[in-house]
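>
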Amino acid sequence: KYSIMDVEDYLILNRNSKSTRYEYLDGEIKMLAGGSPDHSIIIANLTATIKGPLKGSQCRVYNSDVQLQLSEKRYVFPDITVSCDQRDRNQKEKIHYPHVVVEVLSPTTEATDRGKKAAYYRACPTIQEYIMVDSAEVLVEVHRREEERWTINTFEPGETVRLESLGIHFPIEEAYEGTSLTSEIA
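Just so you know, we're using this note's numbering here: the sequence shown kicks off at 144 and counts up by one.
Structure below.
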């Protein structure tokens, strides 16, 4: 549930919270709950799939423990964030210059991930791709910045997911390996 709070109080709450994470979007605060086993497996699979090809590059892959500050009034914890910006290197509390953001959709987060957060990610000038991964069916959407507009590419079973801004391509099955959704792939 959302509560209203000013940004200074949010920053204090977030700093003092050891085990609970909160996102802050324009004055509204939301406590983040844990995900399902499939949600967790998908995140682990994608982290490995993205991280491997980036080894030795300027890019770093962060999990949902790392906060992303989109603006003075927008603080989020994406499931996966990739930053290729030197200014994010060695940050202690949060990063500011994401290149790619991944959200694994769940019934409780899908409306926000597709709505407010998607709009905020598109407004962030450094984000080149925003990936939404369904945890209820085998489906990946890649929202890609192309000059002054955004395109959406949808990937289904048997297709190769293309993260063009990172030069990474992988079979969609890699994202869902070990989940209860593998029967949709076979």
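Here a beta-carbon is modelled for each residue, glycine too, at the ideal position from N, C-alpha and C.
If you compare alpha carbons, which of Glu215, Ser226, Ser200 is closest to Asn206?
Indexing the sequence shown from 1 puts residue 206 at position 63. Looking at the Cα atoms, Ser226 is the closest of the given residues.
> Tell me, please, which residues DSSP counts as bridged to Asn206.
Residue mapping note: residue 206 aligns to position 63 of the sequence shown, counting from 1. In DSSP, Asn206 forms a bridge with Ile223.
> Where Cys202 and Asp228 are concerned, what is the direct C-alpha to C-alpha distance, given to the nearest angstrom?
As a working note, residue 202 is residue 59 in the sequence shown. As a working note, residue 228 is residue 85 in the sequence shown. Straight-line Cα distance between these residues: approximately 7 Å.
> Per DSSP, what kind of secondary structure is Lys144 in: helix, strand or coil?
Here residue 144 corresponds to residue number 1 of the sequence shown, with the count starting at 1. Any reading at Lys144 must be qualified, since the residue scores a pLDDT of 48, below 50, and its modelled position is unreliable; no value is offered.
> List in chain order: all unbroken alpha helix (DSSP H) runs of 4+ residues lying wholly within the stretch 237-307.
You should have 253-257, 259-266.
> Identify the continuous beta strand (DSSP E) that holds Lys173 and give its terminal residues.
The residue labelled residue 173 in the question sits at position 30 within the sequence shown. From DSSP, the beta strand (DSSP E) with Lys173 extends over 171-174.
> Please return the same chain residues whose Cβ sits closer than 7 Å to the Cβ of Ile238, not counting the five positions on each side in sequence.
As a working mapping, residue 238 is identified with position 95 in the sequence shown. Hits under 7 Å: Tyr205, Val209, Leu211, Thr224, Ser226, Asp231.
> Using CA coordinates, which residue listed in Gly178, Glu236, Val276, Glu280 is at the minimum distance from Ile295?
Translated into positions along the sequence shown, residue 295 becomes position 152. That would be Val276, whose Cα lies nearest to the Cα of Ile295.
> When the Cα atoms are used, what is the spatial distance from Ser323 to Glu284?
For the purposes of this step, residue 323 is identified with residue 180 of the sequence shown, where counting begins at 1. For the purposes of this step, residue 284 is identified with residue 141 of the sequence shown, where counting begins at 1. Each residue's alpha carbon lies about 20 Å from the other.
> Pull up the CB-CB distance for Ala318 and Asn188, whole angstroms please, since I reckon it's below 8 Å.
The residue you call residue 318 lines up with position 175 of the sequence shown. The residue you call residue 188 lines up with position 45 of the sequence shown. Contact flag correct, Cβ pair sits at about 5 Å.
> Run through the DSSP bridge pairs and tell me what Ser214 is partnered with.
Reading the sequence shown from its first residue, position 71 is the one you call residue 214. DSSP output for Ser214 lists Arg217 as bridge partner(s).
> Could you give the first and the last residue of the continuous alpha helix (DSSP H) run that contains Glu317?
Numbered from its first residue, the sequence shown carries residue 317 at position 174. Looking at the DSSP string, the run of the alpha helix (DSSP H) that includes Glu317 is 315-319.
> How about the stretch 178-194 and the stretch 149-156: do they share at least three Cβ pairs that are nearer than 8 Å?
The stretch 178-194, when compared against the stretch 149-156, does not touch it at the 8 Å Cβ threshold.
> Specify the secondary structure class of Leu168 as computed by DSSP and reduced to three states.
Taking the sequence shown and counting its residues from 1, the one referred to as residue 168 is at position 25. DSSP places Leu168 in strand when its eight states are reduced to three.
> Taking Cβ positions, are Glu316 and Val281 nearer each other than 9 Å?
Here residue 316 corresponds to residue number 173 of the sequence shown, with the count starting at 1. Here residue 281 corresponds to residue number 138 of the sequence shown, with the count starting at 1. Yes, these two residues count as a Cβ contact at 9 Å.
> Thr163 and Leu175: beta carbons closer than 9 Å?
Stepping through the sequence shown from its first residue, residue 163 is reached at position 20. Stepping through the sequence shown from its first residue, residue 175 is reached at position 32. Yes, the pair counts as a contact, with Cβ atoms nearer than the cut-off.
> So the candidates are Trp293, Pro250, Ala261, Ser179; which of them puts its Cα closest to the Cα of Pro221?
Along the sequence shown, read from residue 1 onward, the residue named residue 221 stands at position 78. Per the Cα distances, Ala261.
> Start and end of the alpha helix (DSSP H) containing Ser183?
Indexing the sequence shown from 1 puts residue 183 at position 40. Unbroken alpha helix (DSSP H) run through Ser183: 180-197.
> Count the other CB atoms within 10 Å of the CB of Glu272; is the residue buried (16 or more) or exposed (fewer)?
As a working note, residue 272 is residue 129 in the sequence shown. That one is buried.
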